[in-house]
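The sequence shown begins at 78 in the numbering used here and counts up by one. No residue lacks a Cβ here, since even glycine has one placed at the ideal position from N, Cα and C. Note that the structure is predicted; figures quoted are calculated from it, not measured.
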Amino acid sequence: MFNSFAAVDNLSIEIDDGEFLVLVGPSGCGKSTALRCLAGLEEISSGRVYIGDRDVTYLDPKDRDIAMVFQHYALYPHMSVRDNMAFGLKLRKMPKEVVTARVNDAARILGIDQLLDRKPRALSGGQRQRVALGRAIVREPQCFLMDEPLS
């Protein structure tokens, strides 16, 4: 609730493995808030959040096996594209060869393999969006959440 206004009220969705869902609606209707609640970035006041068969309602965002691509990319400006894409894997202490392979594969698929040594400020908006998407893809999460992925 915000000033007695419910940003999201009584949301219940079920998405089967391999499916995707698009939330559409006017600005301010709660789409981003719903995604942030699913990701654990906003506290929910009632109900439960399940990812697969796991109740993740009270888990930290890092423990939910979700990758979120934010509307404004959320890239680290001081890091290269390669390091931005590898960041989550390094935090999870994945073997270096796995990190390298996943980053290179995702970069190739997204057409940004020639940009791996650049910093985000040297990229176009579309290239930054692909880096943010690549950072999510390399994690191989159970669930992807994307806020305005084509903006």
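| Item | Value |
| --- | --- |
| 3-residue-minimum beta strand (DSSP E) runs that sit fully inside the segment 94-148, ordered along the chain | 143-146 |
| Residue burial classification, S109 (beta-carbon count within 10 angstroms, cutoff 16) | buried |
| Nonlocal neighbours in the same chain, by C-beta distance under 6 Å from P61, ignoring five residues either side | The chain is shown from 78 up to 228; residue 61 falls before or after that span and cannot be answered. |
| C-beta contact flag for L187 and R216 at 7 Å | no |
| Outcome for A178 when other beta-carbon atoms lying within 10 angstroms are tallied against a minimum of 16 | exposed |
| Classification of F147 by the beta-carbon crowding that lies within 10 angstroms, buried from 16 upward | buried |
| Per-residue DSSP class, three states only, for L222 | strand |
| Start and end residues, alpha helix (DSSP H) containing V176 | 173-187 |
| Neighbourhood of E225 by C-beta, 6 Å cutoff - its chain only, sequence neighbours within 5 removed | Q148 |
| For A183 and F164, the rounded distance between their alpha carbons | 14 Å |
| Beta carbon of V133 nearer than 7 Å to that of A111 | no |
| Exposed unless 16 or more other CB atoms sit within 10 angstroms - verdict on L168 | exposed |
| Host alpha helix (DSSP H) of N161 (start-end) | 158-168 |
| Spatial distance of G117 from N161 (CA atoms) | 21 Å |
| Residue range of the unbroken alpha helix (DSSP H) whose run includes L210 | 202-215 |
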